[in-house]
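J.:
Residue numbers (this note's numbering): 165 to 351.
Spelled out as structure tokens, the structure:
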């Protein structure tokens, strides 16, 4: 027999215990617990234990978000300095692109800039070009290639958003579990 003690204000199950029945007249409230379902996902509905859709949804949403976060972190660098560097390089690419429709026009605009402005706008690209022994446009192109290759995080975020929306729209526990089973994470 299962005994459930509920909170008087919320009705939430606070404690569940299993006791052996005594005699033929002993009634088992709620019947047997569903196999393989954690107790914290169950609710007593009438005289039957059922999976609580709200609790299952919350647990599955948390699991999807945790999985997405773990996958995103495999593509991101640790530390704030690296993130700031990436942001600055992205800004340099965007600013370079705004200088002209072609590399020739952008290079002409870049060469016309005073050195202090050039250093302020293209600090990373100037340093990168110096290290590689080439030009600012070549450095900008390296930055662009790196930015293009790092599209995994947005793809993972989109997959996460789609799965979370589908979980919130699902009306049954079976449908919720099907959503999670059907997630195809980007490789």
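The beta-carbon is built from N, C-alpha and C at its ideal position, and this holds for glycine as well.
#1: Among 235, 214, 261, whose alpha-carbon lies nearest the alpha-carbon of residue 198?
#2: Measuring CB to CB, does residue 105 end up less than 9 Å from residue 301?
#3: Considering residue 214, what are the terminal residues of the alpha helix (DSSP H) in which it resides?
#4: What is the rounded straight-line gap between the Cα of residue 254 and the Cα of residue 308?
#5: Between residue 191 and residue 211, what straight-line distance do the alpha-carbon atoms span, to the nearest angstrom?
#6: Rounded to whole angstroms, how far is the Cβ of residue 304 from the Cβ of residue 289, which I believe are closer than 8 Å?
#7: Would you report the Cα separation of residue 311 and residue 220, rounded to the nearest angstrom?
#8: In terms of DSSP beta bridges, what is residue 209 paired with?
#9: Determine the closest residue to residue 343 out of 250, 225, 235, 285, with distance taken between C-alpha atoms.
#10: Which class does residue 309 belong to by DSSP, given the choice of helix, strand or coil?
#11: What does DSSP give as the partner residues of residue 347 in its beta bridges?
#12: According to DSSP, is residue 259 helix, strand or coil?
#13: Mapping DSSP to helix, strand and coil, what is residue 113?
#14: Go ahead and pull the three-state DSSP assignment for residue 239.
#15: Between which two residues does the alpha helix (DSSP H) harbouring residue 293 extend?
#16: With DSSP run on the structure shown, which of helix, strand or coil describes residue 201?
#17: By Cβ distance, which residues of its chain are closer than 6 Å to residue 264, with the 5 residues on each side in sequence left out?
#18: Less than 8 Å between the CB atoms is what I'm expecting for residue 326 and residue 239, so what's the real figure, rounded?
#19: Please report the distance separating the alpha-carbon of residue 216 from that of residue 206.
T.: Let me lay it out:
#1: 214
#2: There is simply no residue 105 to check, as the chain begins at 165 and stops at 351 in what is shown.
#3: First-last for residue 214: 212–215, but that is the beta strand (DSSP E), not the alpha helix (DSSP H).
#4: 8 Å
#5: Per-residue confidence for residue 191 stands at a pLDDT of 44, beneath the threshold of 50, marking its modelled position as unreliable; no derived number is given.
#6: 6 Å
#7: 38 Å
#8: 212
#9: 225
#10: helix
#11: BP columns for residue 347 are empty, so no partner.
#12: helix
#13: No information on residue 113 is available, as it lies outside the stretch 165 to 351 that the chain covers here.
#14: coil
#15: 287–296
#16: coil
#17: 270, 273
#18: With a Cβ gap of about 18 Å, residue 326 and residue 239 do not count as contacting.
#19: 5 Å
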